[in-house]
Each structure stands twice: as structure tokens, then as C-alpha cells.
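Asker: Below is the structure I would like to discuss, written out as C-alpha cells.
In our numbering, the protein residues as written are 8 to 105.
Right under this line is the structure:
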């Protein structure tokens with residue numbers, strides 16, 4: 008596995024964990040981008056939206072457009088992955104310290 012693949016997988020998990028920590032399990036792409044930057048990731052806006060659509064294809068999040076933003080809402084399946092109760096290829100299981 009290349010470093011880029013490793014980073015993409017970790018970033019996907021981080022997106023799910025960030026959404027799982029929100030009170031309504033929902034954030035727009037701008038807020039998610041800032042959260043990822045605070046964790047050390049530097050995706051472009053296009054890269055983030057592509058990853059959100061990848062997560063949607065696996066039914067881990069739902070996506071809607073609102074006032075020019077892409078809004079992601081965690082699904083029950085996405086919460087299971089974020090908390091390590093379920094696994095999906097392309098997303099690592101969370102480590103115990105998360």
C-alpha cells in the first residue's frame with residue numbers, strides 16, 4: 008500500500024469519526040475540511056467532495072446540497088464503522104485510543 012492510499016483510508020475514517028462526534032451527525036464540507044486540517048490532513052475541496060461521494064456509495068453517509076455546500080450526514084452503518092463495530096474495505100478500524 009502506498010502512503011497516499013494509507014492517508015486516504017485514514018482520512019475516510021477521520022471523516023466518519025468527526026461526523027459521529029457531532030450532535031446531529033451532520034456537517035457541511037467546509038466544516039469537515041477545517042476539522043481534517045486540524046488533524047493534519049490537507050485535502051483540496053475537490054478531493055474532500057470526492058471522498059464524501061465515495062463514502063456515500065458505501066451507504067456510510069448521506070449527502071445533500073444546501074446553499075452551495077455539500078452536507079454530509081452519518082448513517083447508522085457509518086457510525087458502526089466509526090466506532091469499530093463494523094468494518095469496510097478501504098477504511099481502517101479505529102485504534103483503541105480514538
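The C-beta atom is built at its ideal place from N, Cα and C for all residues, glycine as well.
1. Given this structure, state the Cα-to-Cα distance separating residue 38 from residue 66, to the nearest angstrom.
2. Would you tell me roughly how many angstroms separate the C-alpha atoms of residue 96 and residue 29, rounded to the nearest one?
3. Relative to the C-alpha of residue 36, which residue among 93, 82, 58 and 84 is closest?
4. Where residue 100 and residue 52 are concerned, what is the direct C-alpha to C-alpha distance, given to the nearest angstrom?
5. Where does residue 35 sit, in a helix, a strand or coil, going by DSSP?
6. In chain order, what residues of the same chain lie with their CB nearer than 7 Å to the CB of residue 77, ignoring the 5 residues before and after it?
7. Pull up the CB-CB distance for residue 88 and residue 43, whole angstroms please, since I reckon it's below 8 Å.
Answerer: According to the data block:
1. Between residue 38 and residue 66, the alpha-carbon positions lie close to 21 Å from each other.
2. Those two C-alpha atoms are separated by around 24 Å.
3. The shortest Cα separation from residue 36 among 93, 82, 58 and 84 belongs to 58.
4. In a straight line, the C-alpha of residue 100 is about 25 Å away from that of residue 52.
5. Note: residue 35 maps to strand in three-state DSSP.
6. 35, 36, 56, 59 and 70.
7. Their Cβ separation, rounded to whole angstroms, is 17 Å, which puts residue 88 and residue 43 out of contact at 8 Å.
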